[in-house]
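Written below as C-alpha cells is the structure these notes are about.
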Amino acid sequence: MQFIRKVIIPGQLYFSVLVFTGAGLTGISTAHAQQTRVYTDPEKVFKDAQQHFQQEKYAVAMQLFKQTIQNIDYWHETNRDLVKTDAFYYYTICTLKLQQDNAEQQALDFLKTANNSAREELVSYQLAKYYFRQNKFKEAIPLYEKANIENLSNAEIAEAKFELAYCYFNMKDFQKALPLFSSIKDIPGKYNIPANYYYGFIAYYNHKYADALNSFQKVVQEPKYSNVVPYYIAEIYYFQGKTDQLISYTEPLIKAGGQYYEAELKQLLGKAYFEKKDYQKALPLLQDFQDNSEEVKKEDIYQLSYAYYQTNNFNKAITGFKQLSSSKDSLGQNSMYLLGDCYLRTGQKANARNAFAFCANNSSNAQQQEISRFNYGKLSYELGYPDAALTELTQFVKTYPRSQYHTEAREILVNLFLNSNNYKDGITTIEAIDDKSPAVLKAYQKVAYGRATQLINDQQLAEADRLLDIAIKNPYDPQIKQLAHFWKAEIALRQNKTDQAITNLNAYLNSNSPVSGEANPQTASYNLGYSLLKQDKFNEALPHFENAQRTSGPNATRIATDAVLRSADCYYMLRQFPKALALYDRIINNNEPGADYATYQKAVILGLQGKQGEKLALLKQLGNQFPSSNFSNETDMEIANTYLSQEKYTEAIPFLEKVLQKQPNGANAPRALLKLGLCYYNKDNDNKALSYYRQVVEKFPDSPEANEALQSMKTVYVSQGKTDDYLAFLKASGRSVSASAEDSITYAAAEARFSSNDYNGAITAFNGYIQRYPNGQFILPANFYKAECLYNNKDYTNALPAYEFVLSKNNSIYAERSALQAASINFYQVKNYDKARTYYLQLQDLATSKENSLSATRGLLRSTYQLKRWDEVANYAEMLLAANNISTDDQIIAHFYRGKSLQEAKNYASAISEFKTVAGMTKSETGAEARYNIAASYLQQNELDAAEKAGFDVIKNTPSYEYWVAKSYILLGDVYTRQQDYFNAKATYESIVTNSTIPELKQEAKDKLAKAEAEEKAAGKKPKK
1 MQFIRKVIIP
11 GQLYFSVLVF
21 TGAGLTGIST
31 AHAQQTRVYT
41 DPEKVFKDAQ
51 QHFQQEKYAV
61 AMQLFKQTIQ
71 NIDYWHETNR
81 DLVKTDAFYY
91 YTICTLKLQQ
101 DNAEQQALDF
111 LKTANNSARE
121 ELVSYQLAKY
131 YFRQNKFKEA
141 IPLYEKANIE
151 NLSNAEIAEA
161 KFELAYCYFN
171 MKDFQKALPL
181 FSSIKDIPGK
191 YNIPANYYYG
201 FIAYYNHKYA
211 DALNSFQKVV
221 QEPKYSNVVP
231 YYIAEIYYFQ
241 GKTDQLISYT
251 EPLIKAGGQY
261 YEAELKQLLG
271 KAYFEKKDYQ
281 KALPLLQDFQ
291 DNSEEVKKED
301 IYQLSYAYYQ
311 TNNFNKAITG
321 FKQLSSSKDS
331 LGQNSMYLLG
341 DCYLRTGQKA
351 NARNAFAFCA
361 NNSSNAQQQE
371 ISRFNYGKLS
381 YELGYPDAAL
391 TELTQFVKTY
401 PRSQYHTEAR
411 EILVNLFLNS
421 NNYKDGITTI
431 EAIDDKSPAV
441 LKAYQKVAYG
451 RATQLINDQQ
461 LAEADRLLDI
471 AIKNPYDPQI
481 KQLAHFWKAE
491 IALRQNKTDQ
501 AITNLNAYLN
511 SNSPVSGEAN
521 PQTASYNLGY
531 SLLKQDKFNE
541 ALPHFENAQR
551 TSGPNATRIA
561 TDAVLRSADC
571 YYMLRQFPKA
581 LALYDRIINN
591 NEPGADYATY
601 QKAVILGLQG
611 KQGEKLALLK
621 QLGNQFPSSN
631 FSNETDMEIA
641 NTYLSQEKYT
651 EAIPFLEKVL
661 QKQPNGANAP
671 RALLKLGLCY
681 YNKDNDNKAL
691 SYYRQVVEKF
701 PDSPEANEAL
711 QSMKTVYVSQ
721 GKTDDYLAFL
731 KASGRSVSAS
741 AEDSITYAAA
751 EARFSSNDYN
761 GAITAFNGYI
771 QRYPNGQFIL
781 PANFYKAECL
791 YNNKDYTNAL
801 PAYEFVLSKN
811 NSIYAERSAL
821 QAASINFYQV
831 KNYDKARTYY
841 LQLQDLATSK
851 ENSLSATRGL
861 LRSTYQLKRW
871 DEVANYAEML
881 LAANNISTDD
891 QIIAHFYRGK
901 SLQEAKNYAS
911 AISEFKTVAG
921 MTKSETGAEA
931 RYNIAASYLQ
941 QNELDAAEKA
951 GFDVIKNTPS
961 YEYWVAKSYI
971 LLGDVYTRQQ
981 DYFNAKATYE
991 SIVTNSTIPE
1001 LKQEAKDKLA
1011 KAEAEEKAAG
1021 KKPKK
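Note that full-length UniProt numbering has the sequence shown beginning at 1, numbered continuously upward.
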C-alpha cells in the first residue's frame, strides 16, 4: 500500500541554542601561551572552568578550558599532564553544546585518541546531538547507538531514544524507529505526544490501522497536530471500508476549514460518495481536489472521469479519460473503452477510433479487447481507412470465429474488397479464404485486376500477368475481363511476345471496349497496329493505325500523330509512295512532333523515285530546320551517300566530316571514315585516303568496316608498290597476313545458335570463340552477342563485363545497345548509380534513335536522383519534359523528380505543384510517394491543416503501399504533436508501433511516441505512474 501524503513534522522540536564563535585549538602560538601564564594562575583557571561547566555556562567554560590547554608547560612541569586531557574533554563537550564551527572536527579528533570509554560514549552522545541539530540524521545514528545510556540521566535517556527514533524515521528505517517510539509513547513528558504521532504514522504505513488510529486519536486535539492528523484518521476509515463513518467524520471538518490537507479530505469524502454511487455529490469534491493538486494519481483521474461519464457529462469525461491513454494496465484499458464510448456518444468517430485502438492493444479485459478490435476495424472502414480496416477485420474474423460481430465483420470485408484501392492486402486476404462465396469471387476479380495494374506500374510483370488471368477466369464483370486482356497485351509487348499481344488486343477490341485511363480503344488500336508492323504485316496494321487516328484517349494527340507516321511507314514498306508522302506531308506541314522523321522519310522516297535533286534539297533543309534532331547524323550520312552514288566525291566530303564532328565515336563514325578514304582515293589523293583507312583500323579495329579498310589499304599500297609498308601496318595492328577461315567458321557457328534463340548453346559457342581467338576478327560481335544471350537469361553479372568489353573497344555498331544495357544493369541490378550515370551519358552521345535518346535522358534523371545531384536532376527532368510525344510514365517521373529537386531546394510551393501533377496521373507507388511529399512539404511550411489533409489523402487513395501509408501515419502524428493534440498523436504513433511490418518505421514511430509522451508530461498536469 502506498500512502498518499508524506508525514508532516509540526512545530520545532528543540529551541535553538545561543552560539558563540570562538577560536579553535589550532594555531595557538607558544609565545601567547607563555604570556598567559605570567598573568594567570593555571590552577584557578582550571577550577573556574570546571565550575562554569557545572553551571552550564559553556561559552565562558570553553575559553577557560582553552587557556588550560595552552598552559601545557605548567602542567608538564608539575607532573599533571592528565589535567590537559581533562581540559581537552570538557573543551570538546563545550564546542559541541555551543555548535562551534570546529566542534565536529574537535570531537572526531577526541574520539580518535580517547582511552576513557565513559568519556568516549559521552562525546559520542554529544556529537550525535550536534549532528541531530544540523539534520545530519545518517551521521547521528551510529553515534547514538554507541552512546551508553548508563552514563545518561533519565531525561537524557528519553531524549536520546526519541532523537534516535526520529533519525531512523527520517532515514525511513521504520522497523528500528517503531520500538523506540513505542518505548516512550506511553511515558508522560514532552515526548509523549510526538512519539505517538510518529508511532501512529509508522503503524499507518504498515497497515496497522487500529494501532495507528489509537495513537492518532491521542494527539488529534493537540494544536500542533489538530490540522494534520484528522486526514490520516479519515483515510484509515477509508482503508477500513467504513464509508459512513468516514462521511460523518469528514463533513464537519471540511465545513470548519483550516485543515492542512483540506483538498485531500474533500477527495476522501468524494471517494466515499463515489463508493456509494452518489456521483452528483462526489463530482464537486473530486474536481476540487484535482484542481488544487499539482499531481494526481491515475486512479483519481479515472474516478473523476467515470463520475462525469455516469452523469452524462461526456465532454468532461473525455478530458479526464484522455490523460490515461499511456496507462497499460486494466484501468487504462477500461478508460480507453469508456473514452471510445464517450466519443461515439458525442459524434467524434475519428477520436473514438483512436480510443478503441488503445483499448484493442490491451489484453487486460478480453471482452473489451474483442469489442474494441471490432469497433476499431468498423470505424476505420466508415472513416475511409481501408488499409487499417482490412488488416484489423481480417485478423478479427480469424481470432474470433464465434464472435457476435463475426458476420458483420465479413460483410464489411467484402465491401472493402469492392470499394478499396488496397488491392495488395485485399488479394492476400481473399486468397487465404478457403470457401469463397460468389460475393467474394466477384471481389476477387476486381481486386486481382486492380492489383495487376499496380504491379504493371511497378514493373512486376510476372505477378501482374498471373492476376490478370484470375480476372479473366472469373468473368463476373465483363468489362473488367476485357480490360484485363488490354493489360495482358501491354505486358506481352514489354516482353516482346508479339503474338500474345495481338491475341489479347483483339480480345479487348472484339466488342464495345471499356475505357479506363490508358486502357482505351485508341491505345489498343495503335498497339495492335504496331505489333503487326513488327511482324511486317503492313496491310493488316494499316486499319488499326487509322483507327488510332480517329479515337480519343488520355494521350490522344501523341498517339494520333504517331499513328499517322506509322501508317505512312506501312505505305512506304508497301511501296505505295504517294500515300506515304501524303501522310508524311501532313506531319511536316503542321509541324507536328516527328516532323524531322517525316522529312527524312520523304527524302528517302524522293530518292527512290529518282528525284535526287529534290531529295538532297530536302535533306539539307532538314539539317538546317532540325539541327538537334535525332536524325541529324543520319541525314548527313544520307546526303553523303547520295553524292557518292553520283560519284560526286568532293560534295560528299563535307557531310561525312559533319558526321564525325557531331559524333566522332558514334555508330556512323567507322562508315564515315571509310567513305572519306574512298572519296580521297577516287580523287587520287592516296595519302589522305590511307590516313582515313588507318583511322578506321586503329580507332575501330573490331568493326566490319576495319576489314574493308584493310582491303582498300592493300589496294593502295600494292598500286604504289609499297607492299612492305602494308605488311608492316598489319603487323603493327596485330593482324595476320591472311584471315583465318577457321576463325570465320567458328564465329558463324556461334552466331547461328544465337539466331535460332538457343541462348545457352550460343553462350558456350561464343565463349569458345573468345577463348580461342582473343584477337579474332569477330571478337567484338562475339562479346556483344554473348552479352545479349546472358542478358536474356537474366545472368546480368556475366553480361555486364561483356557489354563493357564492347564499349572499351571504342564505338561501333554494337556500342549504342551495349551502353543501354550496361547502364540498365548497373542501375536496376547492381545498384551502382554512378556507373549507370556514366553509361547513360555515353548512350546520350551514341543515341541514333529517339527511343534510345529518351532512354538516356530517363536513365540520367533516375541515376542523378539516386546520387542526390539535385541540379542535374532538375536539368534532366526539364530535358525529358521538353522531348516530343513522351509517354505518360515519362511525364510522371519527370514531374516527380523535378518536384524532389524543388523540395530539396526548399521551394515547397513549386514542389507541391509538381507532386500534385504526379498524384493526378497515377496511383502507383510513385503516386503514393508524391502524395506523401505533398504532405511533407506542407508540414515543412507548418501548414498543419493542409499537411493533415494531404496525409489522409495518401492513406485513402494509395493504401496498397504500406511504406508510404505508414510514413503518412507518422506524419499525422507529427502534425498532432505540433498541435499539442497528444492523445491523437500517441494513438497514431502507437498504430504504427503495433501494426507496421517495416522495422525502421516501427522504430521511428516508437521514438516519436516516447517524445510525444515526454512533451505531454512537460506541457501540463500528468497522472502519477
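All C-beta atoms in this analysis are idealised placements derived from N, C-alpha and C, irrespective of residue type, glycine included.
Given the structure is predicted, the values throughout are model-derived calculations rather than measurements.
If you ignore the 5 residues before and after Tyr803, its C-beta comes within less than 7 Å of the C-beta of Ala787, Ser818, Gln821 and Ala822, all in its own chain and listed in chain order.
The stretch 824-882 is shown to contain whole alpha helix (DSSP H) runs of 4 or more residues at 833-846, 850-866 and 870-882, in chain order. It is roughly 41 Å from the alpha-carbon of Gln646 to the alpha-carbon of Thr838. In this structure His544 is buried. Its beta-carbon is surrounded by 16 or more other beta-carbon atoms within 10 angstroms.
Shortest Cα-Cα distance from Ile427 to any of Leu455, Ala409, Tyr405 and His406 involves Leu455.
Leaving aside the five residues that flank Leu122 on each side, the residues in its chain whose CB is nearer than 6 Å to its CB run, in chain order, Asn151. Shown here, Ala147 sits in coil according to DSSP, grouped into three states, outside any helix or strand. Cα atoms of Pro578 and Asn555: separation of roughly 29 Å, rounded to the nearest angstrom.
Exclusion of the five residues before and after Lys658 leaves Asp636 as the residues of its chain whose Cβ lies within less than 6 Å of its Cβ. Nearest neighbour of Ala560 by Cα position, chosen from Tyr237, Leu533, Phe538 and Gly594, turns out to be Gly594. Taken in chain order, the complete alpha helix (DSSP H) segments of 4 or more residues contained in the stretch 147-188 are 154-170 and 174-185. In the DSSP assignment, Asp636 falls within the unbroken alpha helix (DSSP H) covering Ser632 to Ser645. Per the C-alpha coordinates, the member of Asn547, Ala782, Leu846 and Asn687 positioned closest to Gln661 is Leu846. Taking C-beta separations shorter than 7 Å and ignoring five residues to either side along the sequence, the partners of Tyr376 in its chain run Arg353, Phe356, Ala357, Ala360 and Glu392, following chain order.
By the C-beta density criterion, Tyr828 is exposed, having fewer than 16 other C-beta atoms within 10 angstroms. Counting only runs of 3+ residues, no beta strand (DSSP E) is found wholly inside the stretch 428-458. In the DSSP assignment, Val414 falls within the alpha helix (DSSP H) that extends over His406 to Asn419. In terms of Cβ geometry, Ala263 and Asp288 form a close pair [threshold 8 Å].
For the set Pro188, Ala462 and Lys138, the Cα lying nearest the Cα of Ala158 is the one of Pro188.
The residues Glu816, Ala819, Leu820, Ala823, Asn852, Ser855, Ala856 and Gly859, in chain order, have a CB closer than 8 Å to that of Leu843 in the same chain once the five nearest residues on each side in sequence are set aside. Contact between Ala140 and Ala128 is confirmed by a C-beta separation of about 5 Å, below the 8 Å threshold. Rounded to the nearest whole angstrom, the CA to CA distance from Tyr530 to Ala548 is 11 Å. In its chain, beyond the 5 residues on either side, Ile301, Leu304 and Ser305 have a beta carbon closer than 6 Å to the beta carbon of Gly320.
Its chain contains Tyr261, Glu264 and Leu265 as the residues whose beta carbon lies nearer than 6 Å to that of Tyr231, once the 5 sequence neighbours on both sides are disregarded; these appear in chain order. If you compare the alpha carbons of Ser629, Arg931 and Ser960 with that of Glu948, the shortest gap goes to Arg931.
At least 8 Å separates the beta-carbon of Lys446 from that of Ile472.
When the alpha-carbon of Tyr343 is set against those of Tyr309, Arg373 and Ser364, the nearest one is in Tyr309. Per the coordinates, the alpha-carbon of Asn767 lies some 16 Å from the alpha-carbon of Asn757. By the neighbour-count criterion, in which 16 or more other beta carbons inside 10 Å mark a residue as buried, His207 falls on the exposed side. Under the three-state reduction of DSSP output, Ala667 falls in the coil class, being neither helix nor strand. With a cutoff of 8 Å on beta-carbon distance, Ser372 and Gly340 are scored as near each other.
Counting only the Cα atoms, Ser420 lies some 20 Å from Ser991. For Lys579, DSSP assigns no beta-bridge partner whatsoever. By the CB criterion at 8 Å, Ala210 and Phe162 fall outside the cutoff. DSSP places Glu904 in the uninterrupted alpha helix (DSSP H) bounded by Thr888 to Glu904. Rounded to whole angstroms, the gap between the alpha carbons of Ile202 and Ser183 is 14 Å.
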